[in-house]
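Throughout, the working numbering is defined as the position within the sequence shown, counted from one, plus 6. These notes concern the structure reproduced below.
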Amino acid sequence: MTQVVGPATTDPDVIAVLLGQHARVKNLFAQVEAATGQARQERFDELRQLLAVHEIGEEIVLRPVAEKAAGEQEADARNAEEKEANKVLAELEKLDVDGAEFAAKFAEFQKAVLAHAEHEEREEFPAVREHCSPQERQEMGRRLLKAEDKAPTHPHASAAGSPTAQKVVGPFAAMVDKARDAL
Ligand SMILES: [Fe+2]
Ligand SMILES: [Fe+2]
């Protein structure tokens with residue numbers, strides 16, 4: 007059975023996969039801020055889709071291990087931040103992306119998400135890297151890549167023609183459900 011895990015250069019180590027997603031999240035935040043109108047909406051949709059796959063992946067694949075590696079308190083704090091982010095995102099997606107209310111809320115959201123990611127990179131990632139064998143980390147990384155393959159996070163991925171590879175544009179909650187199913 008052939009297993010598609012993305013380009014051959016992809017490092018399937020879970021930490022490398024998550025760091026790659028963090029970099030793309032950061033980049034998409036900047037792209038949303040720089041765009042207007044239809045382009046702004048599209049970048050925002052892309053960001054929501056990536057966040058859905060990323061945060062649910064962390065919740066299901068990373069957090070149970072992080073709880074042992076970095077402590078329960080650390081894991082609980084990160085889970086709580088992700089829950090809060092989901093709430094803000096649900097409010098954001100009801101707003102006009104070109105409105106002042108969106109701009110203000112989006113800037114706040116960006117700050118919170120990036121602070122959250124920094125915490126993960128400082129506390130959880132090094133602990134998990136230490137706690138798990140390379141094989142375990144690759145196993146976790148592969149699960150994340152597979153989930154992203156089934157719930158694509160960028161428009162080009164849907165061009166593959168796979169019936170499961172259809173870009174979801176809808177409420178964030180639905181994106182999260184799809185990503186959860188993919189895991
Ligand atoms: Fe997270
Ligand atoms: Fe993260």
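Using N, Cα and C, we set each Cβ at its ideal position, and we do this for glycine too. From a predicted model like this one, the values you see are computed outputs, not experimental measurements.
Among Glu127, Pro140, Glu65 and Lys111, which residue has its Cα nearest to the Cα of Phe35?
-> Minimum Cα distance to Phe35 is reached at Lys111.
Beta-carbon proximity of Ala72 to Glu80, cut-off 9 Å = Between Ala72 and Glu80, the C-beta gap is smaller than 9 Å, which places the two residues in contact.
Any 3 or more C-beta pairs closer than 8 Å across the segment 79-93 and the segment 44-55 = no
In the structure shown, what three-state DSSP assignment does Ala83 receive?
-> helix
Exposure of Glu126, with buried meaning 16 or more beta-carbon neighbours within 10 Å | buried
C-beta contact flag for Ala57 and Val31 at 9 Å | Before going further, note that residue 57 is Leu rather than Ala in the sequence given. In this structure, Val31 lies closer than 9 Å to Leu57 by Cβ.
Take the Cβ of Ser168 as the centre, count every other Cβ of all protein chains shown within 10 Å, and call the residue buried at 16 or more, exposed below.
-> Low local confidence applies: a pLDDT of 42 at Ser168 is under 50, so the model's placement there is unreliable, with the coordinate-based value given in what follows. Residue environment analysis places Ser168 among the exposed positions, since fewer than 16 neighbouring C-beta atoms fall within 10 angstroms of its C-beta.
Where does Ala121 sit, in a helix, a strand or coil, going by DSSP?
-> helix
Ala22 by DSSP, collapsed to three states: which one?
-> Ala22 falls in the helix class under three-state DSSP.
Assigned exposure category for Arg128 - 16 Cβ within 10 Å defines buried = exposed
Around the C-beta of Gln3, are 16 or more other C-beta atoms found within 10 angstroms, so that it is buried, or is it exposed?
-> Nothing can be reported for residue 3: it is not among the residues displayed for the chain, which extend from 7 to 189.
Glu154: beta carbon under 8 Å from a heavy atom of ligand 2?
-> no
Residues of its chain near Ala166, where Cβ-Cβ distance is below 7 Å and the 5 sequence neighbours each way are ignored | Reliability of the predicted coordinates at Ala166 is poor, the pLDDT of 42 falling under 50, and no value is obtained from them.
Taking C-beta to C-beta, are Ala185 and Gly26 nearer than 9 Å?
-> no
Rounded C-alpha distance that separates Gly43 from Val94 = 21 Å
Met146 vs Val20 beta-carbon contact at 9 Å | yes
Please report the residue range of the alpha helix (DSSP H) in which Pro177 lies.
-> First-last for Pro177: undefined, no H or E at that position.
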